[in-house]
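Quick note, the sequences are listed as chains A and B, same order.
The numbering used here puts the first sequence at residues 673 to 878.
The numbering used here puts the second sequence at residues 673 to 878.
Please read the structure below before turning to the comments.
There are 2 protein chains.
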Amino acid sequence: MQPIDFWFSIGSTYTYLSVMRLPEVVRLTGQPFRWRPFDVRRVMLEQNNIPFRDKPVKLAYMWRDLDRRAAARGLAPSIPAPYPLANLTFANEVALLGMREGWGEAYVTETYRRWFERGEAAGDTANLSGALLAIGQDPERVRRAASRSEIAQALATETDTARDLGVFGSPSFVVAGEVVWGDDRLEDALDWARVGAIRHLAGEAH
Amino acid sequence: MQPIDFWFSIGSTYTYLSVMRLPEVVRLTGQPFRWRPFDVRRVMLEQNNIPFRDKPVKLAYMWRDLDRRAAARGLAPSIPAPYPLANLTFANEVALLGMREGWGEAYVTETYRRWFERGEAAGDTANLSGALLAIGQDPERVRRAASRSEIAQALATETDTARDLGVFGSPSFVVAGEVVWGDDRLEDALDWARVGAIRHLAGEAH
Numbered sequence: 673m674q675p676i677d678f679w680f681s682i683g684s685t686y687t688y689l690s691v692m693r694l695p696e697v698v699r700l701t702g703q704p705f706r707w708r709p710f711d712v713r714r715v716m717l718e719q720n721n722i723p724f725r726d727k728p729v730k731l732a733y734m735w736r737d738l739d740r741r742a743a744a745r746g747l748a749p750s751i752p753a754p755y756p757l758a759n760l761t762f763a764n765e766v767a768l769l770g771m772r773e774g775w776g777e778a779y780v781t782e783t784y785r786r787w788f789e790r791g792e793a794a795g796d797t798a799n800l801s802g803a804l805l806a807i808g809q810d811p812e813r814v815r816r817a818a819s820r821s822e823i824a825q826a827l828a829t830e831t832d833t834a835r836d837l838g839v840f841g842s843p844s845f846v847v848a849g850e851v852v853w854g855d856d857r858l859e860d861a862l863d864w865a866r867v868g869a870i871r872h873l874a875g876e877a878h
Numbered sequence: 673m674q675p676i677d678f679w680f681s682i683g684s685t686y687t688y689l690s691v692m693r694l695p696e697v698v699r700l701t702g703q704p705f706r707w708r709p710f711d712v713r714r715v716m717l718e719q720n721n722i723p724f725r726d727k728p729v730k731l732a733y734m735w736r737d738l739d740r741r742a743a744a745r746g747l748a749p750s751i752p753a754p755y756p757l758a759n760l761t762f763a764n765e766v767a768l769l770g771m772r773e774g775w776g777e778a779y780v781t782e783t784y785r786r787w788f789e790r791g792e793a794a795g796d797t798a799n800l801s802g803a804l805l806a807i808g809q810d811p812e813r814v815r816r817a818a819s820r821s822e823i824a825q826a827l828a829t830e831t832d833t834a835r836d837l838g839v840f841g842s843p844s845f846v847v848a849g850e851v852v853w854g855d856d857r858l859e860d861a862l863d864w865a866r867v868g869a870i871r872h873l874a875g876e877a878h
């Protein structure tokens, strides 16, 4: 089965929903995903795409929508979580290092859990150290390794790749050249990976 | 069953998907909807919420996403449709008049069909006259009746009501004080009308 590229940035709120359900999606479907951290903030600033800043009504709606859908999935986040994140770039650099070393998915999941369920901002010391310890990684070693300029460059290169594919938001799922954006489009991506078209809407609750 | 308020503006692209499926949703669920045209453009400008202007990547994605989902519902729009609309205010004034007189849903459906499937911009003379004739209304009479200042005032009042409810985009569905935004949230609204929570995500295609 061709993999789906899961492009994401720690710092995106709706990405919480995808991070929390991807393992179960994989278990139920067998669909492989490649987790690819990138810097969505840079792409959004380049494209003048600022969805929430100075838009309190839309921001309040985002939290309410996310909270309702999290509850529907059995999650119990503490809403609103700290937002926006001060140290999201480093959080994503750690994620990129973790993907190389094999503990990236565990770290991203744990850092989102602490961000949304304990109110610890991802990328900050408390979250970072706690998440790394929880998954059996040495925070000091990881902090040094993720601070290398080569990691920053690799994240920038991945960000260029995402942008060149047409990715402009997180989470995005890319398969066979098709970009779908949003946790609410994950099922579209699953269908696209299988048959190159969207099928599941015919089974909606209407 | 408590009705769901379907707040919409002709001029919104994703509203095409909802307009085209609402009759079938009603048939299958028995859920009543109140169709309430408003001027989403004014609310968006007031809130500095400009999703597509000067954002070509996001605009191109919107059309692709809409086209894929339309196909999944058996629709065959000609994408991109003319956008943005020059005469959307009048299109919505006609819709408001039509809701009062009982032919509003038929007009909105027909005007969207012509806009998306024939490339006739909604609100322009060809679309307006063609849609009204197709549903058995006299275009000249409607044009005069919808041009009264009282209709413009009524649309402004409805727009204030929508904004005060927290509506900031089209389509939005409001039930029991809950606002959900987007055709992709219609199932959330159906669940909320029934049980005050979202249930259908448990049945997703994953």
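Glycine residues also receive a C-beta, built at the ideal position from the N, C-alpha and C atoms.
Predicted model only: the values in this text are computed from it and were never measured.
Below 8 Å on the Cβ atoms is my contact criterion, and I expect residue i with residue j to pass it. Report the Cβ-Cβ distance as a whole number of Å.
| i | j | result |
| --- | --- | --- |
| T831(B) | F710(B) | 4 Å |
| M692(B) | Y784(B) | 7 Å |
| A869(B) | A743(A) | 7 Å |
| A732(A) | L768(A) | With a Cβ gap of about 32 Å, A732(A) and L768(A) do not count as contacting. |
Does the Cβ-Cβ distance between residue i and residue j come in under 7 Å?
| i | j | result |
| --- | --- | --- |
| P843(A) | D855(A) | yes |
| P675(B) | R725(B) | no |
| V851(A) | G838(A) | yes |
| A806(A) | E822(A) | no |
| V697(A) | F840(B) | no |
| E765(A) | A828(A) | no |
| A865(A) | V846(A) | no |
| D677(B) | R714(B) | no |
| G795(B) | L738(B) | no |
| E789(A) | P749(A) | yes |
| R786(A) | N799(A) | yes |
| R871(B) | D863(B) | yes |
| I682(A) | A763(A) | yes |
| K727(B) | N721(A) | yes |
I'd like to know if residue i contacts chain A, where contact means its C-beta is closer than 7 Å to some C-beta of that chain.
| i | result |
| --- | --- |
| A778(B) | no |
| N721(B) | yes |
| I870(B) | yes |
| L873(B) | yes |
| F840(B) | yes |
| H878(B) | With a pLDDT of 48 at H878(B), under the threshold of 50, the modelled position of that residue is not reliable, and the figure given next carries that caveat. Closer than 7 Å: yes. |
| V846(B) | no |
In terms of DSSP beta bridges, what is residue i paired with?
| i | result |
| --- | --- |
| R871(A) | BP columns for R871(A) are empty, so no partner. |
| D810(B) | For D810(B), which the question treats as bridged, DSSP gives no partner whatsoever. |
| P709(A) | F680(A) |
| W853(A) | S844(A) |
Contacting positions in the region 723-751 of chain A - beta carbon closer than 9 Å to chain B
Residues of the region 723-751 of chain A with a C-beta less than 9 Å from any C-beta of chain B: P723, D726, K727, P728, V729, K730, A732, Y733, R736, D737, R740, R741, A743, A744, R745, G746, listed in chain order.
Contact set between the region 851-871 of chain B and chain A, restricted to residues whose Cβ is under 9 Å from the partner:
Only V851, V852, W853, G854, D856, R857, L858, E859, D860, L862, D863, W864, A869, I870, R871 from the region 851-871 of chain B bring a Cβ to less than 9 Å from some Cβ of chain A.
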